[in-house]
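Novice: Below you'll find the structure I mean.
Protein chains: 2
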Amino acid sequence: MREFTVKFHPQGKSIRVTQGTDILSAATRAGIVVSAPCGGEGVCGKCRVIVDKGSVKTESSRLVDDADRKRGVVLACQTLVESDVEVTFTKESLEAHEHLCHEAEDFTKGVILKRENKFPLSPLISKVYLELTAPTADDGTSDLDRIMDALKGRVGALRLSTRLTNIKHLSEVLRESDFKITVVLAYREGAQEILSLEPGDTTGSNLAFAFDIGTTTVAGQLIDLKTGTILGTRIAFNAQAVYGADIITRMIYASEPGGMAKLNSGVVGNINEMIDDLIKANKVNLGDIYAIVAAGNMTMIHLILKIDPSGLRKAPYVSTVSAFPPVSAAELAIEINPRGIAAFLPGVSTYVGGDIVSGILACGVAENDDLTLLVDIGTNGEIVLGNREWMIGSAASAGPAFEGSGLTCGMKAVSGAMQRIIIDANLDVKFETISHVAPKGICGSGYIDLLSQMLKRGVMGKDGKINRDTASGRIRRVDNNYEFVLAFASETAIDRDIIIRDDDIDNLKRSKGAIYSAIISIINKVGKDITDVKKIYIAGGFGNYLNIENSIFIGLLPDVERSIYEFVGNSSLAGARMSLLSRDAFNATEGIHKNITYMDLAAEPGYMDEYIAALFFPHTEIGRFPSVRL
Amino acid sequence: MREFTVKFHPQGKSIRVTQGTDILSAATRAGIVVSAPCGGEGVCGKCRVIVDKGSVKTESSRLVDDADRKRGVVLACQTLVESDVEVTFTKESLEAHEHLCHEAEDFTKGVILKRENKFPLSPLISKVYLELTAPTADDGTSDLDRIMDALKGRVGALRLSTRLTNIKHLSEVLRESDFKITVVLAYREGAQEILSLEPGDTTGSNLAFAFDIGTTTVAGQLIDLKTGTILGTRIAFNAQAVYGADIITRMIYASEPGGMAKLNSGVVGNINEMIDDLIKANKVNLGDIYAIVAAGNMTMIHLILKIDPSGLRKAPYVSTVSAFPPVSAAELAIEINPRGIAAFLPGVSTYVGGDIVSGILACGVAENDDLTLLVDIGTNGEIVLGNREWMIGSAASAGPAFEGSGLTCGMKAVSGAMQRIIIDANLDVKFETISHVAPKGICGSGYIDLLSQMLKRGVMGKDGKINRDTASGRIRRVDNNYEFVLAFASETAIDRDIIIRDDDIDNLKRSKGAIYSAIISIINKVGKDITDVKKIYIAGGFGNYLNIENSIFIGLLPDVERSIYEFVGNSSLAGARMSLLSRDAFNATEGIHKNITYMDLAAEPGYMDEYIAALFFPHTEIGRFPSVRL
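Chains A and B are the protein sequences, given in the same order.
For the first sequence, the working numbering begins at 26 and goes up steadily by one.
For the second sequence, the working numbering begins at 26 and goes up steadily by one.
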């Protein structure tokens, strides 16, 4: 097999590959992080490069329009190396990989912050400053006993860490600091463990990270444990996406040689990148970070811990671990203080993970007397129904469309994303972007508005097809697809039109259908009716905006009294943050995970019929959506 | 500087060294373990080699007699390389390094075994066999929760290990063993931690090691945790001895570059060698060993844990840690099951370590109403006086003479050591060796008998000098030294005469004087008299024999009613074993170490006078030994 050199611009990196290697794989091997949420299937259209020199074999893609094709734009994943080549990432691709980790607005809605106050501030990491008396000939208490004695009464039950490193240099630390030290303690199972001893009084700074680890999206927050303040939030596409869009493909990849290592370093890389970015932005020291608490689906947590997830993939779908012991962050290559810990919220099963337990905690589902519904719209749409007596949880394969992945102009809910969209009677488009900058794409809440408006204005039919007969310069045909233009290239920050196509709508329709039909199936399963539900929490990575009215209009959510709905943003991240800030909250997750029964939708006889009936806007049975007038 | 090659026989190893390097250092660097308890000072006479070829510069030594000198025997530590040389270790030296780790008889005396029964058998490591039901579609409990649920009720409070490795392959282990597994649990601070999961029923084997780690001597036992049976005992000279005979030299060496690493690997090597030897002798699997419990002096434990011991050496002599957290054996490079733990009994101060706490536990000092004395005769003679109300501990620099080190024919209490010696009226010598084989040398209890008999028969005067006027073929002059022959070369297993010299007696006299004066000083310190003491336990590495009458006769022990004395052997090892076999015993050491006050003999005004007065057989003030008639 012949070998060729691929040179990447503007990075200036090169790599030798064998003939026929695709450029996406070559870039990945060269250490360039490329956003390719479809996993190199050629369907997301994100990995765009221009071939400057050399010979390639490429598949033409409908995702590359004529203008781009003329500029030499190809999809890296669909382009094979046939000689020495030089390629340049497009401006759009550059945005993707230069800003893999984005600053995000606070996801947190009022409901959750109010609940956070219910739990007293008692963070998992605490610091105690001690001014000890130096030993004398008459007081030969050992250094460690001296510290333990001083801590008594000031903290609860104490346990010595099994990590030897924590006491190895104790003697020097004490003497260099003139016996004035700060003890860093981690709470665990009713006792506190000494993590570290710092010279002098360092109680002024006590920071930690909360994470939500999703299949498509990873979100992280830097938290001040002294006040509960959120110092910053970051959001990124999960770097594992290059190995597969959904958890099934990832689990299969994990069982291939070297697969686990790659998946693990992908998501750990996400975590470390966010930590690094937030540390720098807030000008704080890495050494001051002693904990992360993460909520995530079962597969993600297994992969972070490098535990074989294959049990999750095969009947009867049992995870190796559901309540994870806290482990050393260093053991996981998570770059905080090397003596720090990483804790993971417990999950229930393959499809109801710690992210949902975290959401239940954040919304207080397990404390309600009334029947409550929690719908978390992510790559899997997870649904929990219940109250303080019982809970049933399930998941629908929604796909990552509402996370902005797999769509022509989809993006995360970060700066530049269209999050509110209105189409007026003249079919002119008005939109608001996150951070009020020129638009770069459309996020989940933008798509919900967009579909609702297209349906209302007749731009799209109930079947989800763009109306070919509408007279508007915004509607055009490209190959066999129709597309609707929201913003022309000159109005955007990406020098390309921001559009939605028939294919995108089809994708979104399947997502909304999967979620709606799952909600109905789970309610039916327990012999209840949607009218029995007294409170509905909607969670997901929608930034700080989601239009419930429009969600109902397109048939994503049931048509019930609007006042029982509450949009809570990223409830998984909120629950992780609450667990970090309060031991009571952390301990409560243990009870929650044990009280949830898992329901397998695929095994429900009526589910497939419900799903098929939901593949219409708003629904095949229009009687279910009495308030929707078309 | 010129370089030369030194070749060692019979090992066949070679090494390049610079001119002037001593042969002991060269051998050590070549990876040959040489017994040199004096640390290369030229005073123990153990490192004997014959120079076969080449040129050396050597110091003549009184420890090499004429016959040996003619054979070309030199002390390796006193011999410098001046050309390429070849050397052969003598038969005696070979014995020393081929059998660094010796099989030893059971040290345990009745008193301790009787006490061991007071503590219920509840070993630190326990195993529970579980036959679990496999998960089904209706029972999706995670693998780990399934195990935790099954353990509930069968064991007390449970804690998950923070070591991730223990659950990493849980899923495979469960399935490969058809859900029949054995859970290995370690007790710690009131809860049990899951160490490991083994396929099938492995409860048939549950083994562990107890260790006594002394400055001069290391002793280890393989214990069956199911029954408390001792499966074998090993004893060796501490391999650190080559870096210094006492703990002060070792602490200084630890602060030199690379010193800590060498001291650490020396003693860890001792431990691993004993484990390996006992594992093989008992045909058991290393994987079945999940714990070691070690009692040792503070310096030794600091060095095993690689904690800087410098605080122990400088006023006010405070240790970094006195109650050591159990750590992973693997972290210490101790070769048992890699998931196993290593626990260390707590100590009090530089000179009253975990070995003494262990002895107090073994003898029950802290449970007695009456005033009790514990005397542990080792490199430091440690003394504890007290009862259930209070305890005071101190240490005398006894030196390693009673451990058989630093004496012409001294050896450990192992096979071939003369342990009982009688000199009859004709000055003929009758002796009994351990294991009843031809003699190789004299151990501590042999020396006590020997001194007592020499004193009684007038072979030695009260000043400790061999009587030059005695007419006997056993007494002879060599250089300026007189010596007494116990066994002629033909009677021995080492082809050399077994003797005692004036120098040896002087050494023993200082040891016995240090111990006796420490006993008296500590009793005086608390305003008591020796007659107030109702029970005296004598501990030390004397094998299973120590003649109390003879010990009093030479002035090592106070002249009181014999019935209050009890010889308990290696009480440090016994306490470690008890702590391994009973959680109550293990927990009791925590209370003991906190209840001991340390007394610094060096700071006692009367101590030096006491010591000087004790440098006589039995004592300068003969009135103190009314029962001794000379």
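Cβ atoms here follow ideal geometry from the backbone N, Cα and C, with glycine treated the same way.
Quick caveat, the model's predicted, so the values are computed rather than measured.
Between which two residues does the alpha helix (DSSP H) containing A:Lys534 stretch?
Specialist: Taken as a continuous stretch (DSSP letters only), the alpha helix (DSSP H) holding A:Lys534 covers Asp527 to Lys550.
Novice: If you drop the 5 nearest sequence neighbours on each side, which residues of the same chain put their C-beta closer than 6 Å to that of B:Met443?
Specialist: Phe456, Thr458, Pro464, Ile467 and Gly471
Novice: Excluding sequence positions up to five away, which residues of its chain have a Cβ less than 6 Å from the Cβ of A:Leu199?
Specialist: If we look at A:Leu199 and ignore the five residues flanking it on each side, its Cβ neighbours are Asp168.
Novice: Along chain A, which residues have their Cβ under 9 Å away from the Cβ of B:Ser515?
Specialist: The contacting residues do not exist; B:Ser515 stays about 54 Å from chain A at best.
Novice: Comparing C-alpha positions only, which one of B:Ala159, B:Arg184, B:Leu176 and B:Met173 sits nearest to B:Glu197?
Specialist: B:Ala159
Novice: Take the Cβ of B:Phe592 as the centre, count every other Cβ of all protein chains shown within 10 Å, and call the residue buried at 16 or more, exposed below.
Specialist: When all chains shown are included, B:Phe592 counts as buried.
Novice: Going by C-alpha to C-alpha distance, which of A:Ala438, A:Glu107 and A:Ala306 sits closest to A:Gly566?
Specialist: A:Ala438
Novice: What residue range does the alpha helix (DSSP H) around A:Gly600 cover?
Specialist: Ser596 to Leu606
Novice: Quick check on this structure: which residue in B:Ile563, B:Phe144 and B:Gly486 has the alpha carbon closest to the alpha carbon of B:Glu392?
Specialist: B:Phe144
Novice: Sort B:Asp91, B:Ala52 and B:Pro148 by Cα distance to B:Ala101 and report the nearest one.
Specialist: B:Ala52
Novice: List, in order along the chain, the chain A residues whose C-beta lies closer than 8 Å to that of B:Asp333?
Specialist: Lys193, His194, Ser196 and Glu197
Novice: In the stretch 623-637 of chain B, which residues sit with their C-beta less than 8 Å from some C-beta in chain A, listed in chain order?
Specialist: Tyr623, Asp625 and Ala628
Novice: Taking 7 Å as the cut-off, is the beta-carbon of B:Thr83 closer than that to any non-hydrogen atom of the ligand SAM?
Specialist: Annotation note on the ligand SAM: not contained in the displayed structure, which lists no ligands.
Novice: Just the chain B side, please: which residues come within less than 7 Å of A:Asp170 by C-beta, in chain order?
Specialist: Ser347 and Ala348
Novice: Report the neighbours of B:Gly165 on chain D: residues whose CB is nearer than 7 Å to its CB, in chain order.
Specialist: No chain D is part of this structure, whose protein chains are labelled A and B.
Novice: So, with DSSP's three-state summary, where would you put A:Tyr570?
Specialist: coil
Novice: Per DSSP, which one or two residues make a beta bridge with A:Val31?
Specialist: A:Ile40 and A:Val110
Novice: Give the residues of chain A in contact with B:Arg184, contact being defined as C-beta atoms less than 8 Å apart.
Specialist: Glu214
Novice: Who are the Cβ neighbours of A:Glu66 in its own chain at under 8 Å, not counting the five residues just before and after it?
Specialist: Cys102 and Ala270
Novice: Using a Cβ-Cβ cut-off of 8 Å, state whether A:Thr367 counts as contacting chain B.
Specialist: The sequence given here places Ala at residue 367 of chain A; Thr does not occur at that position. It does not; no Cβ of chain B falls within 8 Å.
Novice: Using a Cβ-Cβ distance under 8 Å, would A:Lys177 count as near chain B?
Specialist: no
Novice: Listing by chain order, which chain A residues have their CB less than 8 Å from the CB of B:Pro160?
Specialist: What B:Pro160 touches in chain A: Pro341 and Val343.
Novice: Starting from B:Ala286, follow the beta strand (DSSP E) in both directions and report where the run begins and ends.
Specialist: Taken as a continuous stretch (DSSP letters only), B:Ala286 belongs to no beta strand (DSSP E), being part of the alpha helix (DSSP H) at Gly284 to Ala306.
Novice: Taking the alpha carbon of A:Tyr376 as the reference point, which residue from A:Ala354, A:Asn412 and A:Leu337 has its own alpha carbon closest?
Specialist: A:Leu337
Novice: Over what stretch of residues does the alpha helix (DSSP H) that includes B:Gly379 continue unbroken?
Specialist: Gly379 to Cys388
Novice: Output the distance between the C-alpha atoms of A:Tyr636 and A:Gly429, rounded to the nearest integer angstrom.
Specialist: 22 Å
Novice: With 8 Å set as the bound, which would you pick, yes or no: does the beta-carbon of B:Gly466 sit closer than that to a beta-carbon of chain A?
Specialist: no
Novice: Name the DSSP beta bridge partners of A:Gly9, please?
Specialist: The question about residue 9 of chain A has no answer, for chain A in this structure spans 26 to 655.
Novice: Residues bridged to B:Ile314 by DSSP?
Specialist: As computed with DSSP, B:Ile314 is found in a beta bridge with B:Leu232.
Novice: Tell me the rounded alpha-carbon separation between A:Thr104 and A:Ser422.
Specialist: A direct Cα-Cα distance of roughly 30 Å separates A:Thr104 from A:Ser422.
Novice: So, under 8 Å CB-CB, B:Glu111 and B:Lys78 are touching, yes? Tell me the CB distance rounded to an integer number of Å.
Specialist: 4 Å
Novice: Apart from the five residues on each side of it in sequence, which residues of its chain come closer than 8 Å, Cβ to Cβ, to A:Asp609?
Specialist: Phe144, Pro145 and Ser147
Novice: With respect to the beta strand (DSSP E) encompassing B:Arg96, which residues constitute its N-terminal and C-terminal limits?
Specialist: Element bounds for B:Arg96: not the beta strand (DSSP E) but the alpha helix (DSSP H), Asp91 to Arg96.
Novice: Going by beta-carbon coordinates alone, are A:Asp401 and A:Ser576 separated by less than 8 Å?
Specialist: no
Novice: Between the beta-carbon of A:Leu398 and the beta-carbon of A:Ile544, is there less than 8 Å?
Specialist: Result yes, Cβ atoms of A:Leu398 and A:Ile544 sit closer than 8 Å.
Novice: Could you say if the stretch 617-628 of chain B and the stretch 523-532 of chain B meet the contact criterion of at least three C-beta pairs nearer than 8 Å?
Specialist: The stretch 617-628 of chain B vs the stretch 523-532 of chain B: no contact.
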